[in-house]
Every structure is written in C-alpha cells, then in structure tokens.
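Note sheet for the following structure.
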Amino acid sequence: MRYTLCLVAITVLTYGVHAQFCPRVVPPLSGTTTFTGIPREGTTVTGLCQNGLIMSGPSTLTCINGRWVPAAFGACVAPPGGLPGGVGTAPCPPMVQPLGATLVYSSGTTSAALAGSQIHGTTVTLRCNNLNAIVSGPTTATCVNGVWQPSALGVCTVVSPTGTGDVVAGLSTNSPCGLGVVPPLNSQVIYSSSAPYPEGSTATMVCNPGFVVSGPSVVTCRGGAFGLLGTCVRIG
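Numbering-wise, the sequence shown is residues -19 to -1, 1 to 217 according to mature numbering (1 follows the signal peptide of the UniProt record, and there is no 0).
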C-alpha cells in the first residue's frame, strides 16, 4: 500500500511541474525572438539582434518551473569595429544619477561616478534605494548613437502610510532643496537663488561651446528636490 501511494504522489508532482507555463518572454532591446505560441515547461526561446547588432549576454532562455532561466536576454550591442554602412554607434556619457537612487547598467556597472562611457546599445535601469519609494517618470533608458533615449530617468519619491491607510509624499511640499543638481557632462548649472534653494527655485543648464541641449534645460525645486536635467550632446 505504501509503495502504491508513493507512485501516485510522484506522478501527481511530476505532472504539476510539467503543467506550468512561463510568462510571455520579453525580447531583447533592438532585437526579436524566434518563438511564438504558449511557453510551456521546457520551452527554449532564442533572442536575435537586429540592424547588425550582436548579443552580449544570454541569447537563449528556458522555461523551468514557471520561470525563464536565465531571467532575461543580454543586450544587443555593436560588434567590434562598429556597424557596416556608416550606422552610428557613438558611446554615451554616464547617466546622471538621481537623488536616492542607484543606476544599474547592462554593462555590469552600478555607480554613475565610476561607470564611464557606455557603448551603443547599453541600457540603464533606475532603482530607488528606499523600499518605500515610488518612481515618477521613466525607469530605463538606452544608449543610441551617443544619446540616451529617453534623455533622463524618473525621480524617486518616498511615501509612507497614514493612519487611514492613505499614501502621502514623504517630502514636505514646501521643503527647500539643500543640494543642487549634478551638472551633466560638458555643461554648467546656473541657479536662480543661493543655497539652500527655496521651493520654486530654478536650475538652468548651459552647455559648453560645441554642444547643444538634449532634454530639459531648466528644472525647479519641488518638495525638497530638483527635477532632472537633460544632457549636452556634441554638435554634428
């Protein structure tokens, strides 16, 4: 009797594992996949890069116990020596790191100060340092021929539950900005008032000669923090 029950249990468990499905696979940026249909247990999906790019990182995912292994494809990047036909593959400067956040690059670096230039096709993801923070704005950007798209990431705002279960901003709406903004590469920032910057103060980015603004050039102090400036890109 014990032997029979053991076989039944094993059969049910095995069926339950193999009956699982994986979520729809997300293709790599600037790429596609070879799979169409329902991803069942054991399904393998291959990522393919487009426009002459090559895969840097995992190119094949397998559905195991309802999850993709590895969790995501690698990044589509330009091959050594660049792309044929004059397609631009200029590197991007490191993205400006928002206050209270960490930037994670697909190249493997996580610090804006040490990241250095990022090659064409690199992606950057914003992660809030405080678990009670929410992001307002974009959370990812991609380096496309020397320019981040979009040009700036969102802002982390700390929230806290009230006694009634509502959610309120953790920053006072009238708080001054104790810190200014980090000047983007090849620029300087001009403030409308001196530090600590009162609510409503503005910070204006002026690009160095030979560069033009891409994205917001003026940000305002709101709730104790400035918004995010754009970037300065070389003319031509």
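C-beta atoms are modelled at their ideal positions from N, C-alpha and C, and glycine is treated no differently. Since the model is a prediction, treat every value here as computed from it, not as a measurement.
key: Residues bridged to residue 216 (per DSSP)   = BP columns for residue 216 are empty, so no partner.
message = What would DSSP say about residue 21, mapped onto helix, strand or coil?
response = Looking at residue 21 - three-state DSSP - the assignment turns out to be strand.
ask   = Going straight from the alpha carbon of residue 175 to that of residue 79, what length do you get?
value = For residue 175 and residue 79, the distance between alpha carbons rounds to 21 Å.
ask   = So, residue 187 versus residue 214, is the Cβ gap smaller than 8 Å?
value = Cβ distance not < 8 Å, so residue 187 and residue 214 don't count as in contact.
inquiry  = Let's see if you can read the secondary structure: which residues bound the beta strand (DSSP E) around residue 125?
reply    = For residue 125, the enclosing beta strand (DSSP E) begins and ends at 121 to 125.
ask   = Within the chosen definition, does the region 42 to 60 reach the region 20 to 27 through at least 3 CB pairs nearer than 8 Å?
value = Yes, they touch.
ask   = If you compare alpha carbons, which of 196, 121, 77 and 180 is closest to residue 97?
value = Among 196, 121, 77 and 180, the Cα nearest to that of residue 97 is on 77.
task = Apply the 10 Å Cβ neighbour rule to residue 99 and answer buried if 16 or more other Cβ atoms are within range, or exposed otherwise.
result = It is buried - the Cβ of residue 99 has at least 16 other Cβ atoms within 10 Å.
message = Cutting at 8 Å between CB atoms, please list the residues of its own chain near residue 38, excluding the five before and the five after it.
response = For residue 38, where only same-chain residues beyond five positions count, the Cβ hits under 8 Å are 54, 55, 56 and 87.
ask   = Can you tell me the Cα-Cα spacing of residue 195 and residue 132, whole angstroms?
value = Residue 195 and residue 132: Cα-Cα distance of roughly 7 Å.
key: C-alpha gap between residue 34 and residue 10, whole angstroms   = Rounded to the nearest angstrom, the two C-alpha atoms are 10 Å apart.
Cutoff 7 Å; reference residue 221; Cβ partners in own chain excluding five residues on either side = Only positions -19 to 217 of the chain appear in the structure, and residue 221 is not among them; the question remains open.
inquiry  = The beta strand (DSSP E) that contains residue 3, what's its start and end?
reply    = From DSSP, residue 3 is part of no beta strand (DSSP E); its letter is neither H nor E.
ask   = Sorted by chain position, which residues of the same chain lie with C-beta nearer than 7 Å to residue 83's C-beta, five sequence neighbours on each side aside?
value = Result list for residue 83: 91, 108 and 110, in chain order.
message = Suppose contacts are defined by Cβ-Cβ distances below 8 Å. Is residue 205 in contact with residue 165 by that definition?
response = Not closer than 8 Å, so no.
task = Run through the region 93 to 118 for me and flag every whole beta strand (DSSP E) of 3 or more residues, listed as ranges in chain order.
result = Counting only runs of 3 or more, we get 104 to 109 and 114 to 117.
key: 6 Å Cβ shell around residue 207 - same chain, five flanking residues per side excluded   = Taken in chain order, the residues that qualify are 158, 162, 184 and 200.
key: Straight-line gap, residue 170 to residue 125 (C-alpha atoms, nearest Å)   = Rounded to whole angstroms, residue 170 to residue 125 spans 25 Å at the Cα level.
Proximity below 8 Å, CB of residue 120 to CB of residue 134 = Yes, they are a contact pair.
Cβ separation of residue 27 and residue 43, assumed to be a contact under 8 Å, to the nearest whole Å = With 8 Å as the limit, residue 27 and residue 43 do not qualify as a contact, their Cβ atoms being about 10 Å apart.
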